[in-house]
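Undergrad: Before anything else, here's the structure in question.
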Amino acid sequence: MYQPKTALIVQVSLFCLVICLAFGLLVPVPMVAADGQDQDVMSTAIKFAEDHAGLTEDIARTLWEYAEVGLGEYKSYVKARSVLAEAGFKITDSAADIPTCLVAQWGSGEPVIGIYEDTDALPGVGHACGHNLNTAAGIVAAMAMKHAMETHDIQGTIKVFINPAEEVWDVAPLVAAAGHYDDVDALISFHAGTENTSEYGSTMAMDHVEYKFKGQPAHAAAAPEKGISALDAVEIMNVAVNYLREHLIQEMRIHYVITDGGAAPNIVPATAASRYFIRGPEYPDVAYARQRIDDCAKAAALATGAELEIGFSSGIYNKVPNKALALKAIDAIGLVGTPKFNEDDIAKMEALGITGVPSGAIDEPTGSQSFGSNPIGDVTWKTPSTTVGIATWAPGTAGHSVEAAVQSGSIYGFKGAEAASKALAVLGLDLMTNPDSLAAVIAEYEDRMKNMPPYEGKAMIPEVAYPEAPGVVVSASKGCALLTSAETAFEEAEGDIIVVQAATDEMLGEFTIGAEQLGATAEYSFATCGKIEPGQRLKIFYTAAGTDSTWFYGYVHAK
651 MYQPKTALIV QVSLFCLVIC LAFGLLVPVP MVAADGQDQD VMSTAIKFAE
701 DHAGLTEDIA RTLWEYAEVG LGEYKSYVKA RSVLAEAGFK ITDSAADIPT
751 CLVAQWGSGE PVIGIYEDTD ALPGVGHACG HNLNTAAGIV AAMAMKHAME
801 THDIQGTIKV FINPAEEVWD VAPLVAAAGH YDDVDALISF HAGTENTSEY
851 GSTMAMDHVE YKFKGQPAHA AAAPEKGISA LDAVEIMNVA VNYLREHLIQ
901 EMRIHYVITD GGAAPNIVPA TAASRYFIRG PEYPDVAYAR QRIDDCAKAA
951 ALATGAELEI GFSSGIYNKV PNKALALKAI DAIGLVGTPK FNEDDIAKME
1001 ALGITGVPSG AIDEPTGSQS FGSNPIGDVT WKTPSTTVGI ATWAPGTAGH
1051 SVEAAVQSGS IYGFKGAEAA SKALAVLGLD LMTNPDSLAA VIAEYEDRMK
1101 NMPPYEGKAM IPEVAYPEAP GVVVSASKGC ALLTSAETAF EEAEGDIIVV
1151 QAATDEMLGE FTIGAEQLGA TAEYSFATCG KIEPGQRLKI FYTAAGTDST
1201 WFYGYVHAK
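Numbering (the working numbering), first residue to last: 651 to 1209.
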């Protein structure tokens, strides 16, 4: 079964926001709705989220404790999956063939409203970007929307996107390229931070490229004439690119590191490499600069006699803003209110070394241009989107800091996530039940996309990025697969099926778990078939008994 092993599973614009200025804070007044039925819908969702604040905290705390980094979010995946499945959502496992990525869906017909959240933590600091809070709020918001739609007989579809590895790899573009967002009318999300706001600014499109050069080693002092320096090629390329900057639009950002500079000064480097981030306001800007930079690399290879290989190459698109949707998100925040913290809450945080209290003010979005990049940009080329921000951290807290991680795993973060679950549910239901609201959002999106080139997914994840699937070892020499129950992310049950395949999808082994294999510390093995070479990359699949949903569990390399 899909169960975590260590944690319990546990809307016409319908609202008018009135804000008054008091004591320097923006305080929302009670909802005034034009239609009593619409008000009932919102109230139903809000009450559900409030009644399930404990579930929001449970998800947030559990993911915080797991603190799993990019592509290794196995336990977090199972936790999110289990809650959504138990709530009646249909699960698409391993979306876009990424083991820890899932899409959950409930309802039927149109409109289709999506909720997007990330699950990964940061290496060394844990959930210092608050993704545990984001996921918790998004899941409970989807459940609150579902409950309100069932209660009031509202048609529509909810899709929840649980996305891994946002911090390190470009997963969202792969999910977009796989078509999972094609039917989504609008996408909303929540992100932890220090402000109560929304966003309709843009991010930079970006190519991430590795340039690798191969030369000829030689003694750098005794026989330099016999060598071809790959490092010379890297340096000539970098110089050429630095001259190129003058002839690109001023908003471009190009930065690089040398990832291989040779082994020792007295050896002409036989190999050298550099990795580039090429950023621009829109993807066509990046595509033009990329071609010019590729030419710099080719020129460097020609100048030195080295061979050029363009290795890893991945691209993400700029975010397409949507002001109409962002302003509706502000309405939603105002309707449900921002988190309130009592003296006991503050004292607990001070004991953890945190001073200050998350802001209660609601800030209008600015629509500024960010010079950073975000993989969700690709998704916004598919559907209009905005992110709700709720203050989960004290003012001045830097993202990706230890202080942010502490607050993401305590009362400030948990109360912020609860408020976010209500705001997301209200925003989603407004789009779901108010045709005028959704039409305005879509009209802006279509206007912004005029004359833009067709979307073409550019992202990829290199093989080396994927960790070994936990709890599974395949032995080439012994011709068997060994599973260790205590290490697998799934809870084994009688009738579960484990499959081993080659990268070419050739079947190499299948095993149905029997009663004799069960047990918390059990290890069990089964024979593989066909020829398996040591180091060969294999795919592992898991199908829970009594279901037709197969999880592409991940990769292992034969021992």
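Using N, Cα and C, we set each Cβ at its ideal position, and we do this for glycine too.
1) Straight-line CA distance for lysine 1128 to proline 1117?
2) Any contact of the region 1071–1084 with the region 783–793, i.e. 3+ C-beta pairs under 8 Å?
3) Let me know if leucine 705 comes out buried or exposed under the rule of 16 or more other beta-carbons within 10 Å of its beta-carbon.
4) In chain order, what residues of the same chain have a beta carbon less than 6 Å from the beta carbon of glycine 806, not counting five sequence neighbours either side?
5) Could you say which of Asn846, Pro934, Thr712 and Leu985 lies nearest to glycine 1039 if we only look at CA atoms?
6) Is aspartate 882 near threonine 954, with beta carbons less than 8 Å apart?
7) For the candidate residues Arg895, Ser1023, Val834 and Gly984, whose alpha-carbon lies nearest to that of arginine 940?
8) Is the CB-CB distance between valine 1056 and isoleucine 1004 below 8 Å?
9) Whole angstroms are fine: how far does the CA of tyrosine 967 sit from the CA of arginine 711?
10) Name the residue from Gly759, Gly774, Glu723 and Ala950 whose alpha carbon lies nearest to the alpha carbon of threonine 785.
11) Let me check understanding here. Comparing Cα to Cα, which of Ser732, Asn1101 and Ile748 lies closest to isoleucine 741?
12) Evaluate glycine 961 with the Cβ neighbour count: other Cβ atoms within 10 Å of its Cβ, from every protein chain shown; 16 or more gives buried, anything less gives exposed.
13) Do three or more CB pairs link the region 859–872 to the region 979–998 at distances below 8 Å?
14) Using 8 Å as the cut-off, can you tell me whether the region 872–889 makes contact with the region 805–825, which would need three or more C-beta pairs spanning the two stretches below that distance?
15) Since I believe aspartate 835 is in contact with isoleucine 928 (beta carbons under 8 Å), could you give me their beta-carbon distance rounded to a whole number of angstroms?
16) In this structure, how does DSSP classify aspartate 857 when only helix, strand and coil are distinguished?
17) Does the Cβ-Cβ distance between isoleucine 1190 and leucine 1158 come in under 8 Å?
18) Got a sec? Which residues, its chain only, sit under 7 Å from phenylalanine 673 by beta carbon, not counting five neighbours each side?
19) What's the gap between the Cα of threonine 1035 and the Cα of valine 970?
20) Who are the near neighbours of alanine 1067 in its chain, counting only those whose CB is closer than 6 Å to its CB and skipping five residues on each side?
21) Do tyrosine 850 and alanine 947 have their C-beta atoms closer together than 8 Å?
22) Give me the Cα-Cα distance between glycine 1059 and alanine 695, rounded to the nearest whole angstrom.
23) Give me the Cα-Cα distance between arginine 903 and methionine 1110, rounded to the nearest whole angstrom.
24) What does the alpha-carbon distance come out to for the pair aspartate 981 and methionine 692?
25) Determine whether the beta carbon atoms of alanine 1001 and valine 936 lie at a separation below 8 Å.
26) Do three or more CB pairs link the region 1200–1208 to the region 739–754 at distances below 8 Å?
27) Can you tell me whether cysteine 946 is helix, strand or coil according to DSSP?
28) What is the DSSP secondary structure of leucine 977, counted as helix, strand or coil?
29) How many angstroms separate the CA atom of glutamine 1019 from the CA atom of leucine 1077?
30) In whole angstroms, what is the alpha-carbon distance linking valine 1007 and glutamate 718?
31) Look at the alpha carbon of leucine 1235 and the alpha carbon of phenylalanine 1140, and state the distance between them as a whole number of angstroms.
32) On the criterion of 16 or more Cβ atoms from any shown chain inside 10 Å, does asparagine 916 qualify as buried, or is it exposed?
33) Which value, in whole angstroms, describes the spacing of the CA atoms of valine 1124 and alanine 949?
34) Since I believe glycine 1185 is in contact with histidine 1207 (beta carbons under 8 Å), could you give me their beta-carbon distance rounded to a whole number of angstroms?
35) Looking only at its own chain, which residues have a Cβ that is under 6 Å from the Cβ of leucine 837, when we skip the five neighbours before and after it?
36) Buried or exposed: where does isoleucine 899 fall if 16 or more other Cβ atoms within 10 Å of its Cβ makes it buried?
TA: With the given structure in hand:
1) 23 Å
2) They touch, by the three-pair rule.
3) buried
4) Gly757, Pro761 and Met1082
5) Asn846
6) yes
7) Arg895
8) yes
9) Distance between the alpha carbons of arginine 711 and tyrosine 967: 32 Å.
10) Glu723
11) Ranking Ser732, Asn1101 and Ile748 by Cα distance to isoleucine 741 puts Ser732 first.
12) exposed
13) no
14) The region 872–889 vs the region 805–825: no contact.
15) So it is not a contact: roughly 32 Å between Cβ atoms.
16) strand
17) no
18) Residue placement at phenylalanine 673 is poorly supported in this model, since its pLDDT is 34, which falls under 50; the coordinates still yield a value, given next. Around phenylalanine 673: no qualifying Cβ.
19) The amino acid occupying residue 1035 in the given sequence is serine; threonine does not appear at that position. Looking at the two C-alpha atoms, the distance is approximately 8 Å.
20) Thr706, Ala710, Leu783, Ala786 and Ala787
21) no
22) 25 Å
23) Rounded to the nearest angstrom, the two C-alpha atoms are 21 Å apart.
24) 13 Å
25) no
26) yes
27) helix
28) helix
29) For glutamine 1019 and leucine 1077, the distance between alpha carbons rounds to 24 Å.
30) The alpha-carbon of valine 1007 is positioned some 28 Å away from that of glutamate 718.
31) Residue coverage of the chain in this structure runs from 651 to 1209, which leaves residue 1235 outside it and unanswerable.
32) exposed
33) 45 Å
34) 6 Å
35) Gly764, Tyr766, Thr1033 and Ser1035
36) exposed
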